[in-house]
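Numbered per this note's numbering, the sequence shown spans residues 3 to 351.
Beta carbons are placed, not taken as given, at the ideal position from N, Cα and C, and that holds for glycine.
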Amino acid sequence: MDKILPAYNDPLFSILIIVVLVLIVATFSYVMENYKEKRKDKSLKNFLGKISKEPNDFDIKKIPFETTLVHPLSLLADTFTSQGDYQKSISVYLYLIENIRSFGQKEYLLENLGKTYLKAGFLKRSEFIFLEILHKHARNTEALYHLEIVYELLNEYESASETLKPLQILGDPCLALKRHLQLSKLLKNHQIDTIKKAETIQALLETPNHSYRRVMQELFKLNPSLAWQSIDTKQIGSILDILWFLPTSNLNFDIISSNEILRSIYMAKGFLQHKEETPQSGIFAIDTIVSAQKCGYTEVDLIFSYGCRRCKQHFPISFIRCPQCYAIDSITIKEKLAKKRSKTGYSLL
Ligand SMILES: [Zn+2]
């Protein structure tokens, strides 16, 4: 051995061998990493290629690409999205993404494309885009939050829960989101009977970070008598519309009569007779109707609208996740006096 490699016993020779080995490993890793990156790029390109071949009357590809166009075109795409013209918005995003090479420069465009697919209801495409972003940038919280929403809409609660782990590592404890998923998962579980479901949901009221409105809404659907036992009079404002539209068969007059606020609500609704004492609910619209009834005017009703605390948008119907910004537990209920139109008995449940 000494004759083949004269410096075999030389410590410098050993160091040289180690350096050579490190270089070989480093080169191999670099080549493999490049190969993986190219495969990911190819998969994204294939996906985008397929989508861009779909028939579309808005042919943006006729415009020759220039980097100065990126900002104005991304603003144009945002405008299309806000106007609900998702097809045009998607065309613009695809055009920009296909023409920009650097991931860093097109990451926000991919995010917007994923969000637009989500809004347009293309959940699988949205999932693909968010997963592509996370392959390259695992700490992208926007992509993680939106991927969780996509899985939730796909009823894939296990996958949705998995997105919470990286979010927790990144500093968001996701406590409300965890409760929200726990409840959604329970409600979709057909192995559990209604009685057990209602009991489990009622137990959620004892836990922190639950949505009182959502829990009570589900409880009124599954077991009204359990719901009435769980009424928290301090939080009636957050379920006023649910109580207002409850069918008479689901009312518990023993509990209603024992509480001034509830008495007042159902007196305003016309389900309780006026007596000498006029109950006060502390809710302006309800107390106004009760006073009007006392004066003989019974043609007043309530109408409800719903706002989102986060994006400040207003909607005519109730929601669990804001239709605009997808926030949970962000709903605010606004009640307004209106002239009674006809006898309606529809329920929100
Ligand atoms: Zn919102």
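Listed by position in the chain, the residues whose beta carbon lies within less than 5 angstroms of some heavy atom of ligand 1 are C310, R312, C313, C324, Q326, C327 and A329. Going by C-alpha positions, W246 is about 55 angstroms away from N101. For K336, the enclosing beta strand (DSSP E) stretches over residues I333 to K341.
Looking at the DSSP output, Y308 bridges to F317 and I335. Relative to the Cα of Y299, the nearest Cα in the group N191, V33, S163 and H276 belongs to H276. Going by DSSP, Q295 is part of the alpha helix (DSSP H) stretching over F286 to K296. Around the Cβ of N225, a 10 Å sphere holds 16 or more other Cβ atoms; the residue is buried. C313 sits close to C327, with the two beta carbons spaced by under 8 angstroms. The continuous alpha helix (DSSP H) containing N114 extends over residues F105 to A122. In the displayed model, R216 falls within a helix according to three-state DSSP. Its Cα nearest to that of H212, the residue H182 stands out among L189, H182 and I197. Here DSSP, grouped into helix, strand and coil, assigns I330 to strand. DSSP, reduced to helix, strand and coil, places D243 within a helical segment of the structure shown. The C-beta distance from Y88 to T118 rounds to 6 angstroms, short enough to fall under 8 angstroms.
Between D243 and I335, the gap from beta carbon to beta carbon is short of 8 angstroms. When DSSP states are grouped into helix, strand and coil, R323 belongs to the strand group. In the three-state scheme derived from DSSP, where H, G and I count as helix and E and B as strand, D80 is classed as helix. With a contact defined as Cβ atoms closer than 8 angstroms, I99 and L112 qualify at about 6 angstroms. Taking C-alpha positions only, W230 is separated from Q237 by approximately 13 angstroms. With contacts defined as CB atoms closer than 8 angstroms, S232 and M218 qualify as a contacting pair. G173 is classed as exposed because its beta carbon has fewer than 16 other beta carbons within 10 Å across all chains shown. The alpha-carbon of I330 is positioned some 33 angstroms away from that of Y97. By alpha-carbon distance to E129, the top candidate from G123, L149, L166 and Y110 is L149. With respect to the 8 angstroms criterion, K271 and I305 are not classified as neighbours on the basis of their beta carbons. When DSSP states are grouped into helix, strand and coil, D303 belongs to the strand group. Distance from the CA of E35 to the CA of K138, rounded to the nearest whole angstrom, comes to 12 angstroms.
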